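Note sheet for the following structure.
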Amino acid sequence: MASLFRSPISRHRTATGHRRSIAAMDLDLTDREAIHSPASYFARAREKSGDVQWSDHHRAWVLLSHAEVEAAFRESEVLSADRSGSFARVARSRGEAFQVVVDLLTNWMNFRDPPVHTRLREPVRTVFTPRAVAKLESDIQEIVDSVLDGFDGDAVDLGAAFARSIPALVIAAILGVDAADRGRFQGWSDDIAKMVFSMEPGSADDAPVVAAASEFWAFFGRLVERERVHPTGTLLTAIVQHRNSDLTEAELIGLCTLILFGGHETTTTLLTSSLALLLEQPERMQWLRENPDGYATAIEEFMRVGGPARTMPRKIASTHERGGRTLEAGQNAFLCIAAANHDEDVFTDPGTVDLTRDPNPQLGFGWGVHFCLGANLARLEATVALRTLLDRFPRIRAAGPIPEVRASAMGFGRRPIHVSLGK
Ligand code: HEM
71 MASLFRSPIS
81 RHRTATGHRR
91 SIAAMDLDLT
101 DREAIHSPAS
111 YFARAREKSG
121 DVQWSDHHRA
131 WVLLSHAEVE
141 AAFRESEVLS
151 ADRSGSFARV
161 ARSRGEAFQV
171 VVDLLTNWMN
181 FRDPPVHTRL
191 REPVRTVFTP
201 RAVAKLESDI
211 QEIVDSVLDG
221 FDGDAVDLGA
231 AFARSIPALV
241 IAAILGVDAA
251 DRGRFQGWSD
261 DIAKMVFSME
271 PGSADDAPVV
281 AAASEFWAFF
291 GRLVERERVH
301 PTGTLLTAIV
311 QHRNSDLTEA
321 ELIGLCTLIL
331 FGGHETTTTL
341 LTSSLALLLE
351 QPERMQWLRE
361 NPDGYATAIE
371 EFMRVGGPAR
381 TMPRKIASTH
391 ERGGRTLEAG
401 QNAFLCIAAA
411 NHDEDVFTDP
421 GTVDLTRDPN
431 PQLGFGWGVH
441 FCLGANLARL
451 EATVALRTLL
461 DRFPRIRAAG
471 PIPEVRASAM
481 GFGRRPIHVS
491 LGK
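Structure below.
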């Protein structure tokens with residue numbers, strides 16, 4: 071059946087502006103060129119097989135143009151994000167103890183469609199607005215300053231000591247976690263990642279993920295309870311005491327773990343990819359020092375070319391036409407953010423990093439009902455962290471070549487960024 075989807079058609083655009091294809095190309099989002107030269111790889115893929123194409127490699131429809139990806143993010147009725155059914159199936163195939171993992175993840179809003187999604191998101195909708203998040207700037211500044219104060223000597227791996235630690239500390243602070251417990255957040259975010267992957271077929275040992283999930287229930291349960299009795303005045307207070315919230319204890323605990331997971335690894339990767347782009351061309355760092363207002367456009371461009379999320383998966387909820395193809399209910403769809411962000415129909419010269427690019431409708435935070443809850447927070451964190459680093463270390467430079475980024479079809483991974491601070 072798959073070969074039918076890849077049938078050769080003549081190229082170029084139809085009268086309605088749709089791209090058409092000339093020859094098949096089996097898309098592989100982990101191909102070296104797709105990772106390192108996305109502009110040329112995805113332009114060729116769109117040229118050859120259109121904006122919506124079946125990939126035998128991924129066993130999924132892959133959406134490649136900005137217009138298709140943006141539309142798909144909006145159309146949650148036909149492209150479902152709901153994983154609760156598959157989680158329940160996984161639970162039935164595992165030991166009883168595994169239910170604790172499933173219960174936690176089933177309460178994550180990103181794995182649910184409306185109307186359940188709407189109910190889970192409502193209490194946090196107003197908590198992460200630009201105005202609410204702007205009030206966190208002094209707290210974030212304090213965290214960044216303390217991390218930089220802790221640099222010992224001239225040689226530092228910014229991947230570990232800066233990019234990985236700041237987001238964990240910020241999330242711990244917004245959840246009102248005591249300083250003594252904050253150090254555990256970095257490791258916990260890895261444990262949550264293992265939990266998410268434990269839902270995939272053929273994944274490993276239940277025991278460690280069950281232990282981690284049980285620990286989260288206990289820790290975040292205490293945190294939510296404390297908020298009711300002794301509010302900390304943090305974002306968690308606003309969430310727990312929200313007047314329109316009818317979230318259960320289990321849903322609130324699920325939300326805390328989602329905020330920790332959603333906001334940690336992603337922001338870490340944004341910081342490392344931004345640092346790599348800055349250190350590769352030191353004149354970019356100098357430009358930002360001289361044009362501090364430029365951080366706003368620069369960070370959108372870092373998101374466009376190095377945004378942590380490369381692809382968002384969806385399930386086709388009902389058979390429908392898209393980009394001239396028939397997508398059948400039950401099939402998988404990959405909304406390829408990396409391809410959309412390098413679409414030459416929307417971005418002039420998409421292979422070039424332009425820190426002044428404006429407008430920049432990059433889709434790295436998604437779009438539509440699941441649009442990233444923490445987008446404003448991530449932007450603010452990246453601005454404060456990068457600005458403080460560049461201002462405090464005017465002679466910072468890469469200590470040797472920057473290791474290549476590793477990537478899966480879904481996102482970029484961690485990498486070390488060794489620098490000399492030039493103190
Ligand atoms: C650079 C950093 C970040 C990136 C690239 C990012 C990316 C994304 C993307 C692409 C989505 C859409 C998921 C989908 O459509 O299925 C999303 C959703 C989400 N993000 Fe982020 N995120 C970042 C930071 C954060 C932070 C700091 C938080 C924590 C406050 C956060 C919390 C969430 C939540 C809760 C959702 C689910 C929203 C929903 O389903 O309604 N993210 N994020």
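Taking our numbering, the leading residue of the sequence shown gets 71, the next gets one more, and so forth. We treat Cβ as the ideally placed atom computed from N, Cα and C, and that holds for glycine. Keep in mind that this is a model prediction, so the values were computed, not measured.
Distance, Gln123 Cα to Arg129 Cα:
11 Å
4-residue-minimum alpha helix (DSSP H) runs that sit fully inside the segment 119 to 194, ordered along the chain
136 to 144, 154 to 163 and 169 to 176
Quick one: is the Cβ of Val439 within less than 7 Å of any heavy atom of the ligand HEM?
yes
Taking the straight line between their C-alpha atoms, what separation do you get for Asp224 and Thr337?
25 Å
Output the distance between the C-alpha atoms of Ser478 and Ala408, rounded to the nearest integer angstrom.
12 Å
Please list the terminal residues of the continuous beta strand (DSSP E) segment that includes His334.
Per DSSP, His334 belongs to no beta strand (DSSP E); it is in the alpha helix (DSSP H), Glu319 to Glu350.
For the beta strand (DSSP E) containing Pro383, list its first residue and its last residue.
Thr381 to Ile386
With 16 other CB atoms within 10 Å as the buried threshold, where does Glu140 fall?
buried
Using the C-alpha atoms, what's the distance from Val240 back to Ser208?
11 Å
Any idea if Asp363 is buried or exposed, counting beta-carbon neighbours within 10 angstroms, 16 or more meaning buried?
exposed
In three-state DSSP terms, what is Ile92?
A caution first: Ile92 carries a pLDDT of 42, below 50, which makes its placement in the model unreliable, though a value can still be read off. Coil.
When you compare only the Cα positions, how much space is there between Ile328 and Ser135?
The residue you asked about is not Ile; residue 328 is Leu in the sequence shown. Answer to the nearest angstrom: the Cα atoms are 29 Å apart.
In DSSP terms, what Asn430 is bridged to
Answer by DSSP bridge pairing: none, since Asn430 is not bridged.
Cβ of Thr199 versus every heavy atom of the ligand ATP: is any distance shorter than 7 Å?
Of the ligands one can find in the structure shown, namely the ligand HEM, none is the ligand ATP.
Does the ligand HEM have even one heavy atom less than 7 Å from the beta-carbon of Ala104?
no
Is the beta carbon of Glu297 less than 8 Å from the beta carbon of Leu305?
no
Among the residues of its own chain, which have a CB less than 6 Å from the CB of Asp428, if the five just before and after it don't count?
Thr367
Measuring straight from C-alpha to C-alpha, what distance separates Val53 and Asp424?
There is simply no residue 53 to check, as the chain begins at 71 and stops at 493 in what is shown.
Integer-rounded CB distance, given that Thr188 should sit under 8 Å from Ser154
Actually they do not touch by this definition, with Cβ atoms about 15 Å apart.
Count the other C-beta atoms from every protein chain shown that fall within 10 angstroms of the C-beta of Asp222, then say buried if there are 16 or more, exposed otherwise.
exposed
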